[in-house]
Each structure stands twice: as structure tokens, then as C-alpha cells.
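Q:
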Amino acid sequence: MPFLPEISLMSSFVYGALCLALGLTDPIWAVYGLFVTVTNYGFMSISEEATAVRIIAPVALISLVLYLVRHARPVRVQRSTPPLVFFIAYSVAITAIYGRLTNQLLGVAALALLLNIFVGESEINRERTIKAFILAVLVSALAGLIKGGFINAGNIERFIGGYTDPNEFAKYMLLGIVFTTSVNWHSRLVKHIITLSLWGALLLTYSRMGLVIGIAVLLIQVVSGGTQKSKSSLLVFGGATVIIFILVIVSVTSLGQALQIFASSWSQRFQTQERPAEFAIGSPHLYRLNDLTANRLDLYLASVQEWSRESIEVQLAGGGYNYSRIVLARRAGQLISTHSTFLQVLLDFGVFGLLLFVILCVSKLDTTSWRLPRFLHYNLAWLVYIASFLALAWVFSWSNLMFFAVVGARSRTRRKTDDSQYGSIREPERKS
Numbered sequence: 006m007p008f009l010p011e012i013s014l015m016s017s018f019v020y021g022a023l024c025l026a027l028g029l030t031d032p033i034w035a036v037y038g039l040f041v042t043v044t045n046y047g048f049m050s051i052s053e054e055a056t057a058v059r060i061i062a063p064v065a066l067i068s069l070v071l072y073l074v075r076h077a078r079p080v081r082v083q084r085s086t087p088p089l090v091f092f093i094a095y096s097v098a099i100t101a102i103y104g105r106l107t108n109q110l111l112g113v114a115a116l117a118l119l120l121n122i123f124v125g126e127s128e129i130n131r132e133r134t135i136k137a138f139i140l141a142v143l144v145s146a147l148a149g150l151i152k153g154g155f156i157n158a159g160n161i162e163r164f165i166g167g168y169t170d171p172n173e174f175a176k177y178m179l180l181g182i183v184f185t186t187s188v189n190w191h192s193r194l195v196k197h198i199i200t201l202s203l204w205g206a207l208l209l210t211y212s213r214m215g216l217v218i219g220i221a222v223l224l225i226q227v228v229s230g231g232t233q234k235s236k237s238s239l240l241v242f243g244g245a246t247v248i249i250f251i252l253v254i255v256s257v258t259s260l261g262q263a264l265q266i267f268a269s270s271w272s273q274r275f276q277t278q279e280r281p282a283e284f285a286i287g288s289p290h291l292y293r294l295n296d297l298t299a300n301r302l303d304l305y306l307a308s309v310q311e312w313s314r315e316s317i318e319v320q321l322a323g324g325g326y327n328y329s330r331i332v333l334a335r336r337a338g339q340l341i342s343t344h345s346t347f348l349q350v351l352l353d354f355g356v357f358g359l360l361l362f363v364i365l366c367v368s369k370l371d372t373t374s375w376r377l378p379r380f381l382h383y384n385l386a387w388l389v390y391i392a393s394f395l396a397l398a399w400v401f402s403w404s405n406l407m408f409f410a411v412v413g414a415r416s417r418t419r420r421k422t423d424d425s426q427y428g429s430i431r432e433p434e435r436k437s
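Start counting at 1 in the sequence shown, then tack on 5, and there's your number in this note's numbering.
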């Protein structure tokens, strides 16, 4: 079947021109356009090998550069900026040595640095960047609903919104949930509606990783909420999400059948799956865990084994971006990822690169308070990202832009007595 682009090249240029025009007045518009594009990958194909990201990413770069040039003032460096610079510089250098530079690597690296600086400029930039991301994630979920097809002939397919992979889409939903509760909205009702919508979309992905992390996030928010009101609100969120989800299914079938389909679909996600012999662990004690994680333990073991067989130079310095895919393809006979960002970094950039990445991750921790409830609240987005790094590969993925730029960016005017907010963003105190 011939490839049919989702959008025309002309439409992409018009979209890019509009983002550029708006981005020249305020770069947040170009950033929003970028977020909408990368969260709707499935609708942004302009050819068999290209998407609108190739047009929108340069637009966002230009808008951010011009903004920083126009506002020529000392750059406010975040604590995580130096580790980010070192990790990106090392990754690009090693990849260039092996001749494996790609547009995505360079694009994500450049935008990560510029967004990191942009967010560090002011708390307004940080909050607007987060809201732009949340709105883009909502657009992706809405695009998937409009497209439809995930409820078909009494069966529920895994919901992917405007994206292409249900697990990556679940990651976007989780980040949207965490970031939504970490910024200030003019209306509490708006925040509640957004949170409910994202929870509903997350449940429809049938992502085991998403479900486990989502439950953990909800428990952290409820247990360490600080007030009975926040705990009650979160319980209402969870209950209302389930009710809305059931009502969506009831609209096409009976209640009993809807519940049966919902339970059956999730049950199938936790059933034993056949494992490829190339990645057999052979340990009966890990058999069930391996099946529940879609053979990820096999892939982890295979990745470590392949790394140990490389030369000492590659073990220490890495083989460059995407080298992990080449290594595992030799073993499996097909392109496959490590399903772990940490192992991907180990194979691609070696021990040195992994060390730099771990330092970057640690630098992203918000250490404003070491009291466990507050510490967990302030680092919810960090925890979601670390969990996703354990289950998904590709450090230079567009979904990690918010990790590089926003996570760990602390408010300089955080209220010391505020126990009711979540995450690492606090509303600046108003002067009387």
C-alpha cells in the first residue's frame, strides 16, 4: 500500500510560517507549536521519512535564539545547566567521531539547551512553558478522540491519541497530570477538568508502566497532600475519572459489557507472553516478572552482555548515538531498542556518558526540603521521568525536552509554608 502523508508539505510550511510569525513576538508560541507537533507525531507525516518536526523545530530554535539575543542580559544558569551542557557536548562529540549525527539528536540537544536557558530566565517563562506542554498534550488526546477507532466492534484498542506508540503517549499523559497539579490556574475547575481528561486518556492506553506509575503518583499526592481537602479532591478525581471512562464505553454498549471489556482488556495486558529465545533469561524466579514487563528483563540482560563484549574503548566511551540499536540488531536479527534509557546511554555513550547522565539526573533533584512529603511533592515529575527511563529508551527523545528544561527548575520565591501545592512550581508571593 503506498504511503499517504497525513498533511501536505505546503500545509507544514504554512503552519511553520504561522509559528514563526507568532514566535517572533513571543517565543512561547513557537514552543507551543513544537509541543503540539511532537505530541501528534501520528498526524504530522509529510513524507515516508519526514514529519513536520523538521520544519517546526528550526522555527522554535530561531524564536528562542532571537528572544535571548533581544533580551541581552546575564543568563540565569540553573543548577542543572552545566551537567546538561557537558552531557550534550560529550554525546554529540562521540556521535560525530563515529559519523552517526542525526537531525533529531542535534535538534533535541539544541532545543534542550535553549529551553533550559529560557526557563531559567524567569518564573513566568517556566510556568508558561509548562502550560504550553499541558495544552499540547490535551490537543494530542483530543486528536485521538476525533480520529476514533479505539473502540471498535466491542473491543478497545490501545489509545494513542495523536501519537504513534501507546507507551510514549502514556508517558505524555503522566507528565501532563503531574505538571497540571504543579502550576497555578485561574480556575480550579479548569485544573480539575484537565486532570480528569488526562487520567481518562491514560487509562485508555492500557500501558502497564503508565498504570503502575500513575497509581504511585496518585498515592504520593494523596498521602503527602498536606490537607484533608487536597486528599478528598484527589479521591474525587480518581472516582470521577473511572465514571467518565465507563460512560464513554456505555455510549456504545451496555454497562455490563463495558465493564467486562474494560476488565478483560486490562487482564490481557498482564497475561503471560511468549518470549523470544534470543533473549531468554532462563531463571524461573524472574520468569513472571519478565513476562509482566514484556520481556524487558531479557532485553536488559542482552544489553549488558553485548556491552561487556565490546572493546574497552567502546565500553568506556561508547559507540555513538543509535549504536545500541546496531548492537541489539546483530543479536536479534531485527532493529530493537534496549527499553531502558540508562542502558541505551551505556551502549551509545559508554561508562563516561552514563556517569554524566546520572550526574545530570541527580542535579535535577529539587532539594528545597528533605522532609519526605515535600520532597516527593517537589520531585513528582522527576520520579515519573526516572521511572520512564527504566522502561523506555532514547534519551534524545522529544518527550524528554521537559526533563532537560523544566524538571528541577526551582522557584526562587517559593512559599515556605505552602503544603497544598504539588510539584516544583509555586506561585510567587504577591507584594502588598
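Yeah, the Cβ is synthetic: ideal placement off N, Cα and C, and Gly gets one too.
1) Can you tell which of 217, 201, 310, 114 has its C-alpha closest to the C-alpha of residue 410?
2) Which residues mark the beginning and the end of the alpha helix (DSSP H) in which residue 357 is found?
3) Applying the 10 Å Cβ sphere with the 16-neighbour rule, what's the burial state of residue 382?
4) Check whether the segment 377-392 touches the segment 220-228, taking contact to mean three or more Cβ pairs, one atom from each stretch, closer than 8 Å.
5) Should residue 205 and residue 45 be called a contact, given that it needs their Cβ atoms to be closer than 8 Å?
6) Alpha helix (DSSP H) containing residue 199: first to last residue?
7) Kindly list the residues whose CB is nearer than 7 Å to the CB of residue 441, restricted to its own chain and excluding five residues on each side of it in sequence; keep chain order.
8) State the DSSP-derived secondary structure class of residue 316, mapped to helix, strand or coil.
9) I need the straight-line Cα distance from residue 152 to residue 109, nearest angstrom please.
10) Of all the options 337, 364, 390, which has the alpha carbon lying nearest to the alpha carbon of residue 345?
11) Thinking just about the alpha-carbon of each residue, which of 329, 169, 23 is nearest to the one in residue 305?
12) Just to confirm, is the Cβ distance from residue 95 to residue 324 under 8 Å?
13) Considering only the beta carbon of each residue, do residue 35 and residue 68 sit closer than 8 Å?
14) Take residue 2 as the anchor and find which of 43, 76, 48, 17 has the nearest alpha-carbon.
15) Residue 71 to residue 29, Cα distance in whole Å?
16) Buried or exposed for residue 87, please, with buried defined as at least 16 other CB atoms from any protein chain shown within 10 angstroms of its CB.
17) Using only alpha-carbon positions, find the residue among 189, 322, 92, 48 that is nearest to residue 146.
18) Do you know whose CA, among 316, 201, 174, lies nearest residue 402's CA?
19) Along the chain, where does the alpha helix (DSSP H) that runs through residue 215 open and close?
20) Could you name the residues of the same chain whose beta carbon sits closer than 7 Å to that of residue 228, not counting the 5 residues immediately before and after it, in chain order?
21) Taking the C-alpha atoms as reference points, what is the distance between residue 119 and residue 24?
22) Give the DSSP-derived three-state secondary structure of residue 327 in the structure shown.
23) Closer than 8 Å by C-beta to residue 33: which residues in its own chain qualify, once you throw out the five before and the five after it? Chain order, please.
24) Under a three-way DSSP split, which group does residue 162 fall into?
25) For residue 333, which residues of its own chain have a beta-carbon under 6 Å away from its beta-carbon, when the five flanking residues on both sides are left out?
26) Does the distance from the C-beta atom of residue 207 to that of residue 185 stay below 8 Å?
27) Could you have a look at residue 91 and say whether DSSP puts it in helix, strand or coil?
28) Less than 8 Å between the beta carbons of residue 365 and residue 85, yes or no?
29) Could you check where the alpha helix (DSSP H) with residue 183 kicks off and where it finishes?
30) Taking residue 124 as part of the alpha helix (DSSP H), name the residues at either end of that continuous run.
A: Considering the structure as presented:
1) 114
2) 346-368
3) buried
4) yes
5) no
6) 193-210
7) What is shown of the chain runs 6 to 437, which leaves residue 441 out entirely.
8) coil
9) 27 Å
10) 390
11) 329
12) no
13) yes
14) With the chain covering 6 to 437 only, the question about residue 2 has no answer from this structure.
15) 8 Å
16) exposed
17) 48
18) 174
19) 213-228
20) none
21) 17 Å
22) coil
23) 130, 133, 134, 137
24) coil
25) 341
26) no
27) helix
28) yes
29) 171-185
30) 108-126
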